[in-house]
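Q: Before I ask anything, here is the structure I am working with.
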Amino acid sequence: MALIDTVMATLHLVVGGLWTGSVLFFALAVLPTARAGNIRAAAFESVVSRLTMWSRGASLVMFATGGHLAGTRYTVDSLFGSGRGHLVLGMLVLWFVLTGLVEVGRARAKDGLAEKKVRTPAEKAAPFYLGAALVAVLLLVDAGLLLN
1 MALIDTVMAT LHLVVGGLWT GSVLFFALAV LPTARAGNIR AAAFESVVSR
51 LTMWSRGASL VMFATGGHLA GTRYTVDSLF GSGRGHLVLG MLVLWFVLTG
101 LVEVGRARAK DGLAEKKVRT PAEKAAPFYL GAALVAVLLL VDAGLLLN
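Read left to right, the sequence shown gives residues 1 to 148 (full-length UniProt numbering).
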């Protein structure tokens, strides 16, 4: 394995782990706190904004590193004609869904945050962030299956 392949694989795994972990932490720790009204609007808005920016950056890194890894490890036939290839394609779809859910969650939360409210924006965004958490778990399961 060339050095570039090692760097790409390492970056892919680290960023993927941090991204899925940040979405899970937000959905399971920050969001319930906001839904209960136990966080200030400015703090919640800051966390939502940071999660969104991190998600955008991570999705670009994952696309670039994953594209490199898929391009060097698979052919078109093996991507579309093998179990491992299907896992890789499934992962690509899940990354897009995760990015979309975080973006929609931000949009739902942002409306009420401009009025310095917390509970209502958190409630409106909750289904999307909880969906993102589920997708994050599915991504981790998919990655685990690829390790075999």
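The C-beta atom is built at its ideal place from N, Cα and C for all residues, glycine as well.
Please read all numbers here as calculations on a predicted model, not as lab measurements.
So which of A58, A70, S55 has the shortest CA-CA distance to L146?
A: The residue you call residue 146 lines up with position 146 of the sequence shown. When each option's Cα is compared against that of L146, the closest is A70.
Q: Out of D142, R108, W54, which has the shortest C-alpha to C-alpha gap to T120?
A: Here residue 120 refers to the residue found at position 120 when the sequence shown is read from its first residue. Out of D142, R108, W54, R108 has the C-alpha closest to the C-alpha of T120.
Q: Between the C-alpha atoms of R56 and T99, what's the straight-line distance to the nearest angstrom?
A: Counted from its first residue, the sequence shown places residue 56 at position 56. Counted from its first residue, the sequence shown places residue 99 at position 99. Whole-angstrom Cα-Cα distance: 7 Å.
Q: How big is the Cα-Cα spacing for I4 and S82?
A: Here residue 4 refers to the residue found at position 4 when the sequence shown is read from its first residue. Here residue 82 refers to the residue found at position 82 when the sequence shown is read from its first residue. Near 25 Å, if we compare the C-alpha coordinates of S82 and I4.
Q: For V118, does the three-state DSSP call read helix, strand or coil?
A: Locating residue 118 in the sequence shown gives position 118, where the first residue counts as 1. In this structure, V118 counts as coil in the three-state DSSP scheme.
Q: Taking its Cβ as the centre, do 16 or more other Cβ atoms sit within 10 Å of T6, making it buried, or is it exposed?
A: On the sequence shown, position 6 is the one that residue 6 refers to. With fewer than 16 Cβ atoms within 10 Å of its Cβ, T6 is classed as exposed.
Q: Looking only at C-alpha atoms, which of P127, A143, W54 sits nearest to G90?
A: For the purposes of this step, residue 90 is taken as the residue at position 90 of the sequence shown. It is A143.
Q: DSSP on I4, reduced to helix/strand/coil?
A: Translated into the one-based positions of the sequence shown, residue 4 becomes position 4. The answer is helix: DSSP assigns I4 an H, G or I state.
Q: Between the alpha carbons of G131 and L101, how many angstroms are there, rounded?
A: Counting from one through the sequence shown, the residue named residue 131 turns up at place 131. Counting from one through the sequence shown, the residue named residue 101 turns up at place 101. C-alpha separation (whole angstroms): 7 Å.
Q: By the DSSP assignment, the alpha helix (DSSP H) with F44 in it spans what residues?
A: Indexing the sequence shown from 1 puts residue 44 at position 44. Residues 41 to 73.
Q: Look up G100 in the DSSP assignment and say whether it is helix, strand or coil.
A: The residue you call residue 100 lines up with position 100 of the sequence shown. Helix.
Q: Measuring CB to CB, does F44 end up less than 9 Å from A122?
A: To locate residue 44, count along the sequence shown from 1; it is residue 44. To locate residue 122, count along the sequence shown from 1; it is residue 122. Yes, these two residues count as a Cβ contact at 9 Å.
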